[in-house]
Amino acid sequence: MKSYRIGLIPGDGIGPEIIEEGRRVIEAVSEIEGFKVKWDIYPFGADHYLEIKELLPEDSLKEMKKLDAIYLGALGDPRVKPGILEKGILLALRFYFDQFVNLRPIKLLEGVDCPLKDKRPEDINFFVVRENTEDFYVGIGGRAPRGSSREVLEIKRHLYNIRFNLDIEADGDEIAYQIGVLSRKGTERVIRYAFELAKKKGKTRVTSVDKANVLTHAYGFWREIFEKVAKDYTGIETEFSFVDAITMWFLRKPEWYQVVVAPNMFGDIITDLGAMIQGGLGLAPGGNINPGGVSMFEPIHGSAPKYKGLNTADPIATIWAGAMMLDELGEEKAGEKIVSAIEAVLKEGKTRTRDLGGSSKTSEMGDAIIEKLR
802 MKSYRIGLIP GDGIGPEIIE EGRRVIEAVS EIEGFKVKWD IYPFGADHYL
852 EIKELLPEDS LKEMKKLDAI YLGALGDPRV KPGILEKGIL LALRFYFDQF
902 VNLRPIKLLE GVDCPLKDKR PEDINFFVVR ENTEDFYVGI GGRAPRGSSR
952 EVLEIKRHLY NIRFNLDIEA DGDEIAYQIG VLSRKGTERV IRYAFELAKK
1002 KGKTRVTSVD KANVLTHAYG FWREIFEKVA KDYTGIETEF SFVDAITMWF
1052 LRKPEWYQVV VAPNMFGDII TDLGAMIQGG LGLAPGGNIN PGGVSMFEPI
1102 HGSAPKYKGL NTADPIATIW AGAMMLDELG EEKAGEKIVS AIEAVLKEGK
1152 TRTRDLGGSS KTSEMGDAII EKLR
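In this note's numbering, the protein residues as written are 802 to 1175.
Here it is in structure tokens:
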């Protein structure tokens, strides 16, 4: 019998409640499909940080290398300055394990109301592949006062180490600046992942997103690499779309899209819009993927601290993220069964959490999905 070792990080706010339902669903489907899951539970989050001032120690990162995947609830707490937990834990995990793909299924399930008039489940069913480690999210920049100044900025990644030695002359006013970085290898690998995903899922079109008409150097580079990779996939149609245009067309004609690939910042923007057209953040899962390493799966929503402990949060995004995790581990049938069970519960309409217009508890939604699985 196959066995998988999964790192479980419940996190903050509603995280422990929603991840518990995801864990229960995964254990239920593992019994049906005949595999085992061993959970390694990690305390990282606000409480841990406030108690011992530790975010994510190096020893734990090394230990996590032995895992098959990581399952994350949510991070963020008003007692901790914004960005500390997200950068110190979430981004640290993404960069340490080189999870260069952020994968988002944009799929409207039966039984879910779509905010777009007359759009049905068959109209909204595509994937967004977001580059997850580069672009403006490398996190380097600064401020320069009037006059002369000097700054040294560094980026250390699996693919490269970069140093910027900046001599700045700012006549007349203080300035702020942010530097984005795209590498050839980093760009090529995520675009190739998008084409391989299209092949795996039976899709026939890949859309590339950029803003090459304004940010010509970075996104002209992106387009050049996209065109080069596309030549290896002659059976798949390709197109380019500016990021502002694709936000319009997501609303006007979502049925056109099959696989969308985007740089980090633009991917972040359009996936939030995608979550809304599939019914809301409570229904939106995400994967941080390294196809040859340790990947991490989570809902894309936040920790919603004001709902902590109330047993009212929608766990579907987290449960669906668990299905994505099983699919990535090679348990495709188990992943499909979870999504089918979610859809059956939503279509039936008896169990609905507050965000879906009902009054069911978090645990009741988990119970209903497990009942459909069995």
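Where a beta carbon is used, it is the ideal one built from N, C-alpha and C, also for glycine.
Check                                                                                                        : Outcome
Lys784, buried or exposed, once every other Cβ within 10 Å from all chains shown has been counted against 16 : Residue 784 is absent from the model: the chain starts at 802 and stops at 1175.
Extent of the continuous beta strand (DSSP E) to which Ser1176 belongs                                       : In the structure displayed, the chain extends from 802 to 1175; residue 1176 sits before or after that span and is not available.
Contact between the region 1130-1139 and the region 1151-1164 (3+ Cβ pairs under 8 Å)                        : no
Beta-carbon proximity check, Gln900 vs Phe937, cutoff 8 Å                                                    : no
Cβ neighbour criterion (16 or more within 10 Å) applied to Ser1009                                           : buried
Whether Met1126 touches Ala870 by CB criterion (8 Å)                                                         : yes
Any non-hydrogen atom of the ligand PLP closer than 7 Å to Val1061 Cβ                                        : With respect to the ligand PLP, the structure shown offers nothing to examine, as it has no ligands at all.
Selected residue, minimal CA-CA separation from Ala1046, among Trp1023, Phe1022, Tyr1034, Leu1074            : Leu1074
CB contact flag (Glu822, Ile1143, <8 Å)                                                                      : no
Span separating the alpha-carbon of Leu917 from that of Arg824                                               : 33 Å
Rounded C-alpha distance that separates Glu975 from Gly940                                                   : 20 Å
Under 8 Å between C-beta atoms of Val1095 and Leu868                                                         : yes
Chain B within 8 Å of Arg880, Cβ atoms only                                                                  : You won't find chain B in this structure, because it holds only one protein chain.
Simplified DSSP state of Met1125, which is helix, strand or coil                                             : helix
Gly889 in three-state terms, based on DSSP                                                                   : helix
Residues sharing a beta bridge with Ser1042, DSSP                                                            : Val1010
Alpha carbon of His849 to alpha carbon of Glu859, nearest angstrom                                           : 15 Å
Reduced DSSP secondary structure (H/G/I, E/B, other) of Glu1051                                              : It is Phe, not Glu, that sits at residue 1051 in the sequence shown. Reduced to three states, the DSSP call for Phe1051 is helix.
Residue environment, Val1015, which counts as buried when at least 16 other CB atoms sit within 10 Å         : exposed
Alpha-carbon to alpha-carbon, Ala971 and Tyr790                                                              : The requested residue 790 is not part of the displayed model; the chain covers only 802 to 1175.
Backbone secondary structure at Ile819 - three-state DSSP                                                    : helix
Euclidean distance between Cα positions of Ser1141 and Val881                                                : 38 Å
With 16 other Cβ atoms within 10 Å as the buried cut-off, status of Arg905                                   : buried
Whether Val826 touches Gly1093 by CB criterion (8 Å)                                                         : no
Segment limits, beta strand (DSSP E) that includes Arg944                                                    : 936-945
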